[in-house]
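S.K.: Numbering (UniProt numbering), first residue to last: 1 to 171.
(1) Thinking just about the alpha-carbon of each residue, which of 117, 137, 48 is nearest to the one in residue 74?
(2) Per DSSP, which residues does residue 155 bridge with? Please list them.
(3) Quick one: Cα of residue 71 to Cα of residue 77, how far?
(4) Report the rounded CA-to-CA distance for residue 42 versus residue 10, giving the unit in angstroms.
(5) Are the beta-carbon atoms belonging to residue 16 and residue 116 less than 8 angstroms from one another?
(6) Compute the Euclidean distance between the alpha carbons of residue 44 and residue 86, then round it to the nearest angstrom.
(7) Across which residues does DSSP place residue 38 in a beta bridge pair?
(8) DSSP state of residue 3, grouped into three classes?
(9) I need the DSSP call for residue 21, collapsed to helix, strand or coil.
(10) If you draw a straight line from the C-alpha of residue 112 to the C-alpha of residue 97, how long is it?
(11) To the nearest angstrom, how far is it from the Cα of residue 121 to the Cα of residue 25?
(12) To the nearest angstrom, how far is it from the Cα of residue 52 to the Cα of residue 40?
(13) Per DSSP, residue 112 forms a beta bridge with which residues?
(14) Considering just the uninterrupted stretch of the alpha helix (DSSP H) at residue 11, what are its terminal residues?
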């Protein structure tokens, strides 16, 4: 069953298979022998998805910055901040189920990926923008000449969505 639901108006969640079969406006999908190449209009969208396997096929988001973005100076930080606060942001999440491990007592809690989803959030939506700014504002004061890290936590939104679909979410 394809999922393309909105949690309020803050996010859209689409199964990866549905996303590839029927890409949203601004995206195109090229079928390759070993998988798919997904392209998008970068003026309005920011894709933060690493390459991954789904149903035995490799899915590559062309020009994606990946899950972790390194910024080396204030200009790069400012540019990324502007993108995050003005574009639709696309992320990959995994719906997982807990599995008990009988053979390995140390790893009593193992997760098995059940389904993958592409999540779209609007960085310009007031609540999302506030959350993003809050995470980035605490970082800017410590960046003079040092490397820094900004974690954007969407756990609350994803847990709310997961509760409605009865999955355990991981990023």
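Each residue gets a CB set at the ideal place from its N, CA and C atoms; glycine is no exception.
M.R.: Reading off the structure:
(1) For the purposes of this step, residue 74 is identified with residue 74 of the chain shown, where counting begins at 1. The candidate whose alpha carbon is nearest that of residue 74 is 137.
(2) Position 155 of the chain shown holds residue 155. None; residue 155 has no bridge partner.
(3) Here residue 71 refers to the residue found at position 71 when the chain shown is read from its first residue. Here residue 77 refers to the residue found at position 77 when the chain shown is read from its first residue. Rounded to the nearest angstrom, the two C-alpha atoms are 6 angstroms apart.
(4) In the chain shown, counting from the first residue as 1, residue 42 sits at position 42. In the chain shown, counting from the first residue as 1, residue 10 sits at position 10. Spanning the two alpha carbons is a distance of roughly 20 angstroms.
(5) Counting from one through the chain shown, the residue named residue 16 turns up at place 16. Counting from one through the chain shown, the residue named residue 116 turns up at place 116. Result yes, Cβ atoms of residue 16 and residue 116 sit closer than 8 angstroms.
(6) Here the question's residue 44 lines up with position 44 in the chain shown. Here the question's residue 86 lines up with position 86 in the chain shown. Going by the C-alpha atoms only, they are around 8 angstroms apart.
(7) Locating residue 38 in the chain shown gives position 38, counting from the first residue. BP columns for residue 38 point to 29, 61.
(8) Here residue 3 refers to the residue found at position 3 when the chain shown is read from its first residue. Below a pLDDT of 50, predicted positions are generally treated as unreliable, and residue 3, at 47, falls in that range; the measurement from the model is reported next regardless. Residue 3: coil per DSSP, three-state reduction.
(9) Sequence index remark: in the chain shown, residue 21 carries index 21 (1-based). DSSP places residue 21 in helix when its eight states are reduced to three.
(10) In the chain shown, counting from the first residue as 1, residue 112 sits at position 112. In the chain shown, counting from the first residue as 1, residue 97 sits at position 97. So the two alpha carbons sit approximately 5 angstroms from each other.
(11) Within the chain shown, the letter at position 121 stands for residue 121. Within the chain shown, the letter at position 25 stands for residue 25. Rounded to the nearest angstrom, the two C-alpha atoms are 15 angstroms apart.
(12) By 1-based counting over the chain shown, the position of residue 52 is 52. By 1-based counting over the chain shown, the position of residue 40 is 40. Straight-line Cα distance between these residues: approximately 17 angstroms.
(13) As a first step, residue 112 is located in the chain shown; it is residue number 112 there, counting from the start. In the DSSP output, where bridge partners are listed per residue, residue 112 has 97.
(14) In the chain shown, the residue the question calls residue 11 occupies position 11. Segment 11 to 15 is the beta strand (DSSP E) holding residue 11; no alpha helix (DSSP H) there.
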